[in-house]
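Taking it in order: structure first as structure tokens, then the write-up.
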Amino acid sequence: MKRTLFIVLSVVVVFLLIGITFVRLTTPRVGQTFSTISNALPGAEPSFGMGGGAAPALEAPAPASDAARNAVDAYSTTGQVAQERLVIENADLSIVVKDPKTRMKEISDLAKQMGGFVVSSNMYQNTSSTGKQVPQGSIVIRVPSEKLDEALSKIKEGAIDVPTENRSGQDVTSQYVDLQAQLTAKQAAEKKLLEIMDKATRAEDVLAIYLQVQTVQTEIEQLKGQIKYLEESAALSAISVQLIAEESTQPIVVGPWKPEGAAKQAIQDLIFFFQNFVDLLIRFVLLTLPALILIAIPLFLVYLVGRAVYRRIRRSRVSVDEVKSEAVKK
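As structure tokens, then:
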């Protein structure tokens, strides 16, 4: 029994020694591996291994090769793409012109020439400081954002004055990037749901997945609409122009005081009053008074007849009362 156990242990030890020897022969030493890697690097000094002589002093690393720099540039270009800024630019101004209607037509033609369009236009009448009705208008156009400065310069050309001019910009880059990310996620979810629906076998499963696909597709269309709106708003700048007629900006002119003119006007007004008063008296005597008399005569006759009838009726009543009273006394 002891002899058998000894033979088994001897065989196990032999196999362990053979395995350790094989591993040492097939695995390079750490120093040799470090030396091989160091020698393979461009511009690196050879290493002396773990057990070799003393290591040399460290030197400054050699400059990177052109291949390494090109690799870094390629990664920066493909892996880290910078998002272009998305800015919505608009402008609002008012100009004083001689003919607002003609200038509105010119601005409308300018928008079309620049590849834009007219959003709205309005022409109306306004009362000037002198009390005169003068035309005024307003127009809103959209032009490519890269032509905004050129459009503003041409709109202000020939204007008598530019009372107000405002320009605004809104950076929507973060909102745009967020919408793009949401769209990508929704499209991936849609694709996955369609794959699951193709593999579904039960009718209730297909119906449930179909409803989810419809919801995701609706959200995708909404995201596309928002993205399109931001892109169009950034691509086309809005310009709102208020057209003011030159006549409405003219100052009120106060003439010199002339007392003799006021006295002359007062005397003339007094003469007109006297003439009108005399004319009124003449019309009253010759027209109004005779007309009143003609109307009063029939009314007076009716009054007399009515009074006579009333007195007769009253007398008859009095006589009847007297007869009754005498009859009672007897």
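One point on numbering: in numbering that gives the first Met the number 0, the residue at position 281 of the sequence shown is 280, and numbering is uninterrupted. Glycine included, C-beta positions come from ideal geometry on N, C-alpha and C. All values derive from a computational prediction rather than experimental measurement.
Using beta-carbon positions only, say whether Val94 and Leu242 come within less than 9 Å of one another. The residue asked about is misnamed: residue 94 is Ile in this sequence, not Val. Closer than 9 Å, so yes.
Three Cβ pairs or more, each shorter than 8 Å: is that satisfied between the stretch 137-155 and the stretch 98-106? yes
With 16 as the cutoff for other CB atoms within 10 Å, does Tyr309 come out buried or exposed? exposed
Beta strand (DSSP E) segments (min. 3 residues) lying fully within the stretch 156-213: 160-170
With DSSP collapsed to three states, give me the class of Ser318. Look at Ser318 here: in three-state DSSP terms it is helix.
By the three-class DSSP mapping on this structure, what secondary structure does Gly114 have? coil
Rounded C-alpha distance that separates Ala295 from Ile266: 41 Å
Would you check if the distance between the CB atom of Leu109 and the CB atom of Ser239 is smaller than 9 Å? Their beta carbons are not under 9 Å apart, which means Leu109 does not touch Ser239 by this criterion.
Straight-line Cα distance separating Ile195 from Ser167: 48 Å
On the DSSP bridge assignment, give the partners of Ala244 in chain order. DSSP lists Val96 as partners of Ala244.
For Glu218, does the three-state DSSP call read helix, strand or coil? helix
Identify the continuous beta strand (DSSP E) that holds Arg141 and give its terminal residues. Per DSSP, Arg141 belongs to the beta strand (DSSP E) from 132-143.
Is Val118 closer than 9 Å to Lys111 when the C-beta atoms are compared? no
If you check the beta carbons only, do Ala262 and Asn125 fall under 9 Å apart? Result no, Cβ atoms of Ala262 and Asn125 do not sit closer than 9 Å.
With 16 other CB atoms within 10 Å as the buried threshold, where does Ile154 fall? buried
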